[in-house]
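Participant: Next up is a structure, given as structure tokens.
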Amino acid sequence: MSKLRTIILLSCFCCMPMANAGKTNVKSPDGRISVGFSLDRKGRPCYSVSYGDKDIIRPSCMGFELSDGTSLSDGFRIKKITRERCDSLWTPVWGENDSIRENYNGMTVSLSKNKTRMDIEFRVFDDGMGFRYVFREHPDPVLVLKEEVTEFAMTGNHTAWWIPEDYDSQEFEYTESLLDEIGAPGVQTSLMMKADNGIYLNLHEAALVDFPAMHLRIDKPSKVFRAHLTPRPDGTAAEVTLPFRTPWRTVTVSDKATDILASNLTLNLNEPCKIADTSWIKPVKFMGVWWEMITGKSKWSYTDAKDFDLATFDYASATPHGQHGANNENVRRYIDFASRHGFDQLLVEGWNVGWEDWYGKEKDFVFDFLTPYPDFDIAGLNDYAHKKGIRLMMHHETSGSVANYERYLDAAYDLMRKYGYNTVKSGYVGNILPKGEYHYSQNIVNHYLNAVKKAADRRIMVNAHEAVRPTGLCRTWPNLMANESAMGQEYAEMSPRHVTILPFTRLKGGPMDFTPGIFRMDITSFAPGYQGKKKRATISNQLALYLTMYSPVQMAGDLPEHYERYMDAFQFIKDVPVDWSRSVYLDAEPGDLIVVARKDRNSSDWYVGGVTNEDAREYILGFGFLPEGEVYECTVYRDAADSDGFTNPERYEIFNTRVTSASELPLRMARAGGFAVRLHQK
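What follows is the structure in structure tokens.
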């Protein structure tokens, strides 16, 4: 991701030596967003944010408390204020658009307190603002932070879409409520809100490096959120060596919901790409030996053995239970299907020994990430896949044992290189080991990034599951292709509104491997172990997710035999790209619907996807995003008249027409339904 053009970059300085200096501010380039800063009489730093003539964040305190009782939240004096202006374009390796404008006005406030110096850096864009702390000087060069005291004081009892504070998981459905109805002490970011005056707000963080993830705890009477950092085993938040820059605290704001989805604020607050040669980083469309294990049709394990020592257990003499999904014959069947239909890769889970004696036991050593099961010929299957024109995708389930994974990480990546794997799906299911650490604590956050850096050294792309929610680091390390870090497709009975909220929340930090494309909704019909479970979505809804849930690694999640029943609908999954040159969000409301149009990066084709919640709706799709005067062949995949995501989900219809930029197309979306459109220029 390189800079194409730098338009303006200038700095100017002014000094304000008084502790009670008047309020200073910095505005967005278009002037609509204004961020104010001041010190009160106690030397406490405070900021506020307005949008047009509306206040959106009331004066809010800033700073940290140290573990020794020292406060970095009061007693400061302003030494100087530095301003900057930046307007540039940069080119993503992959993404929703082929170029991104980084346009902001910046202000750095340098504060001093005795022998301590701390800067607060602000950057204000047209779509929001970010600020971070820079610890410059202190008598002790290593600071132990007890807690962050940054506040976000809301201006009213906004509607919020939230999941509860949790140090280990984001796998929750979102609750929609007023702020004073939030039924948890704290919530996780990205937090989406809407004010009564129609202003949309999103609170998150960017560039989470060597620091714990931030949660937001709310004081309901005052409607003030206060930062809370995921603790370390000793109860403190973080240990940092000076000089040190914290992650950015971000506020995205607009009077249009579509602008929140289109915002590049999080990416723009991350550093440019640190990988010199990115030619090996390619978006991926893949299938997987996965859904059959998720649904219980087959198993990850090879035998029924329990409570054994992996280092000494003899799999060669063990009796297989006959339900192992990652066996040679089954994997070849998937390879044949994926190759025949133009996929890039095939994920295979359960290929390696150890699955019999893991789940829920919190063992340090479960997997070595090197040794395949007796019925998985790692060399032969990779050779078979390569001859068919695809690759196998590696799976590393760490069982939450981070120390064990780090012991094997180099050897595991070297094994991938040996057999031609270039993508790994990593997993961190279960409690983190060593005990006392959390999925989102400082040391484990460092581990995730260390794994990405080591992967980059070996030209390996990473798709991390159960890791900390992303914060735009894919700009700096574009081999971090996707994360899960939210409730994904494997939760069969999630509410249909879930997919209309995730792009406003979880996806603001980076792409999600949601695993769309499920066609058989009654899971019990083919996997009795999922007794009574049904997906609440239509097939057209599942097709639309390839547009509304952006990711450069997109999976066709269902089984080959299910796609063979609906090959005409499967054609859309085969056609839809995973890399885009332009994205236009046409319509959106969190919890209700999302409609987006995207242009293929490698052709003149456009694709449109729309999803709805539990409500059926009649929708008029306009094509104003198309070039004027051009005619496009339009293939539409939509819910049939009798489709219903709850009662009749597998009914759809496909038709062809021609459209121009002036056309309008009426489309019905069933309950939990949607539509997908391909636009091909002849």
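According to the working numbering, numbering within the sequence shown proceeds without interruption in unit steps and concludes at 1219.
Even for Gly, the Cβ is constructed at its ideal location relative to N, Cα and C.
1. According to DSSP, is serine 608 helix, strand or coil?
2. Are at least three pairs of beta-carbons, each pair with one atom in the segment 753 to 770 and one in the segment 684 to 695, less than 8 Å apart?
3. Go to arginine 581, then tell me how far its alpha helix (DSSP H) extends in each direction, as first and last residue.
4. Which ranges would you report for the beta strand (DSSP E) in the segment 977 to 1063 if only whole runs of at least 3 residues count?
5. In the structure shown, what three-state DSSP assignment does lysine 955 receive?
6. In whole angstroms, what is the alpha-carbon distance linking tryptophan 888 and aspartate 1095?
7. Give me, in chain order, the residues of the same chain whose beta-carbon lies closer than 6 Å to that of asparagine 1020; leave out the 5 immediate sequence neighbours on both sides.
8. Looking at the unbroken beta strand (DSSP E) that takes in glutamate 1190, where does it start and where does it end?
9. Which residue comes first and which comes last in the beta strand (DSSP E) that contains serine 876?
10. According to DSSP, glutamine 1226 sits in a beta bridge with which residue or residues?
11. Shortest alpha-carbon distance to isoleucine 618 belongs to which of Lys579, Ser597, Phe601, Gly573?
12. Buried or exposed for methionine 480, please, with buried defined as at least 16 other CB atoms from any protein chain shown within 10 angstroms of its CB.
13. Report yes if the C-beta distance between aspartate 664 and aspartate 796 is below 9 Å; otherwise report no.
14. Suppose contacts are defined by Cβ-Cβ distances below 9 Å. Is arginine 669 in contact with arginine 769 by that definition?
15. With three or more beta-carbon pairs closer than 8 Å as the criterion, would you say the segment 606 to 620 touches the segment 635 to 655?
16. Rounded to whole angstroms, what's the CA-CA distance from aspartate 947 to lysine 991? Just pull it up for me.
17. In the DSSP assignment, the beta strand (DSSP E) including asparagine 634 goes from what residue to what residue?
18. If the criterion is Cβ atoms closer than 9 Å, does the pair asparagine 1016 and arginine 1034 meet it?
19. Could you tell me the distance, in whole angstroms, from the CA atom of proline 971 to the CA atom of glutamate 1030?
20. Alpha carbon to alpha carbon, what distance is there between arginine 954 and arginine 1188?
21. Give the C-beta separation of isoleucine 593 and isoleucine 736 to the nearest angstrom, bearing in mind that I take them to be a contact with Cβ-Cβ under 8 Å.
22. Quick check: the Cα distance between glutamate 829 and histidine 765, rounded to an integer number of angstroms?
23. Between arginine 1215 and chain D, is there a C-beta pair that is closer than 9 Å?
24. Buried or exposed: threonine 778, going by 16 or more other Cβ atoms within 10 Å of its Cβ?
25. In this structure, how does DSSP classify isoleucine 818 when only helix, strand and coil are distinguished?
26. Pull up the DSSP beta-bridge partners for serine 571, would you.
27. In whole angstroms, what separates the C-alpha of isoleucine 927 from that of serine 597?
28. Helix, strand or coil for methionine 1086 per DSSP?
29. Confirm, please, whether the CB-CB distance from threonine 1052 to glutamate 1027 is below 9 Å.
30. Tell me the DSSP secondary structure of asparagine 785 in three-state form.
31. Taking the alpha-carbon positions, what's the serine 1200 to glycine 1159 distance?
32. With 16 as the cutoff for other CB atoms within 10 Å, does aspartate 1116 come out buried or exposed?
33. Considering only their Cβ atoms, is the gap separating arginine 638 from asparagine 807 smaller than 9 Å?
34. Specify whether the segment 1143 to 1150 and the segment 1061 to 1081 touch according to this definition: at least 3 beta carbon pairs, one from each stretch, less than 8 Å apart.
35. In the DSSP assignment, what residue or residues form a beta bridge with lysine 962?
36. With DSSP collapsed to three states, give me the class of serine 539.
Facilitator: Judging by the given coordinates:
1. If you number the sequence shown from 1, residue 608 lands on position 71. Correct three-state label for serine 608: strand.
2. yes
3. Working through the sequence shown from its first residue, we reach residue 581 at position 44. It is not in any alpha helix (DSSP H) - arginine 581 carries neither H nor E in the DSSP assignment.
4. 998 to 1001, 1017 to 1020
5. Taking the sequence shown and counting its residues from 1, the one referred to as residue 955 is at position 418. Reduced to three states, the DSSP call for lysine 955 is helix.
6. Sequence index remark: in the sequence shown, residue 888 carries index 351 (1-based). Sequence index remark: in the sequence shown, residue 1095 carries index 558 (1-based). C-alpha separation (whole angstroms): 19 Å.
7. Mapped onto the sequence shown, residue 1020 falls at position 483. Only Ala1001, Ala1004, Pro1007 meet the Cβ criterion.
8. In the sequence shown, the residue the question calls residue 1190 occupies position 653. Unbroken beta strand (DSSP E) run through glutamate 1190: 1189 to 1196.
9. What you label residue 876 is simply residue 339 of the sequence shown in a count that begins at 1. First-last for serine 876: 865 to 877, but that is the alpha helix (DSSP H), not the beta strand (DSSP E).
10. What the structure shows of the chain is the stretch from 538 to 1219, and residue 1226 is not part of that stretch, so it cannot be assessed.
11. As a working mapping, residue 618 is identified with position 81 in the sequence shown. Measuring from the Cα of isoleucine 618, the nearest candidate turns out to be Gly573.
12. Nothing about residue 480 can be read from this structure; the chain reaches only from 538 to 1219.
13. Here residue 664 is taken as the residue at index 127 of the sequence shown, counted from 1. Here residue 796 is taken as the residue at index 259 of the sequence shown, counted from 1. Yes, the Cβ-Cβ distance between aspartate 664 and aspartate 796 is below 9 Å.
14. By one-based count along the sequence shown, residue 669 stands at place 132. By one-based count along the sequence shown, residue 769 stands at place 232. No; because the gap between Cβ atoms is not below 9 Å, this pair is not in contact.
15. yes
16. As a working mapping, residue 947 is identified with position 410 in the sequence shown. As a working mapping, residue 991 is identified with position 454 in the sequence shown. Near 8 Å, if we compare the C-alpha coordinates of lysine 991 and aspartate 947.
17. Start at 1 with the first residue of the sequence shown, and residue 634 comes out as number 97. Here asparagine 634 belongs to no beta strand (DSSP E), and DSSP marks it neither H nor E.
18. Residue mapping note: residue 1016 aligns to position 479 of the sequence shown, counting from 1. Residue mapping note: residue 1034 aligns to position 497 of the sequence shown, counting from 1. Contact flag unset, no.
19. Counting from 1 along the sequence shown, the entry for residue 971 is found at position 434. Counting from 1 along the sequence shown, the entry for residue 1030 is found at position 493. In a straight line, the C-alpha of proline 971 is about 33 Å away from that of glutamate 1030.
20. The residue you call residue 1188 lines up with position 651 of the sequence shown. The residue you call residue 954 lines up with position 417 of the sequence shown. So the alpha carbons of these two residues sit roughly 44 Å apart.
21. As a position in the sequence shown, residue 593 is number 56, starting the count at 1. As a position in the sequence shown, residue 736 is number 199, starting the count at 1. About 6 Å; that satisfies the 8 Å criterion.
22. Position 292 of the sequence shown holds residue 829. Position 228 of the sequence shown holds residue 765. Straight-line Cα distance between these residues: approximately 39 Å.
23. The chain inventory of the structure shown lacks chain D, comprising one protein chain alone.
24. For this step, residue 778 is matched to residue 241 along the sequence shown. By the 10 Å Cβ count, threonine 778 comes out exposed.
25. Residue 818 sits at position 281 when you count from the first residue of the sequence shown. Three-state DSSP puts isoleucine 818 in coil, outside helix and strand.
26. Taking the sequence shown and counting its residues from 1, one reaches residue 571 at position 34. Bridge partners of serine 571: Lys564, Ser587.
27. Within the sequence shown, numbered from 1, the residue matching residue 927 stands at position 390. Within the sequence shown, numbered from 1, the residue matching residue 597 stands at position 60. C-alpha separation (whole angstroms): 53 Å.
28. Counted from its first residue, the sequence shown places residue 1086 at position 549. If DSSP states are grouped into helix, strand and coil, methionine 1086 belongs with coil.
29. The count along the sequence shown starts at 1 and reaches residue 1027 at position 490. The count along the sequence shown starts at 1 and reaches residue 1052 at position 515. Yes, Cβ-Cβ distance for glutamate 1027 and threonine 1052 is below 9 Å.
30. Mapped onto the sequence shown, residue 785 falls at position 248. Rather than asparagine, the amino acid found at residue 785 in this sequence is tryptophan. Tryptophan 785: strand per DSSP, three-state reduction.
31. Here residue 1200 corresponds to residue number 663 of the sequence shown, with the count starting at 1. Here residue 1159 corresponds to residue number 622 of the sequence shown, with the count starting at 1. Their backbone Cα atoms lie some 6 Å apart in a straight line.
32. Working through the sequence shown from its first residue, we reach residue 1116 at position 579. The residue is buried, with at least 16 neighbouring Cβ atoms inside 10 Å.
33. Locating residue 807 in the sequence shown gives position 270, counting from the first residue. Locating residue 638 in the sequence shown gives position 101, counting from the first residue. No.
34. yes
35. On the sequence shown, residue 962 is found 425 positions in, with the first residue counted as 1. DSSP lists His932, Asn1000 as partners of lysine 962.
36. Along the sequence shown, read from residue 1 onward, the residue named residue 539 stands at position 2. With a pLDDT of 39 at serine 539, under the threshold of 50, the modelled position of that residue is not reliable, and the figure given next carries that caveat. Coil at serine 539, not helix or strand.
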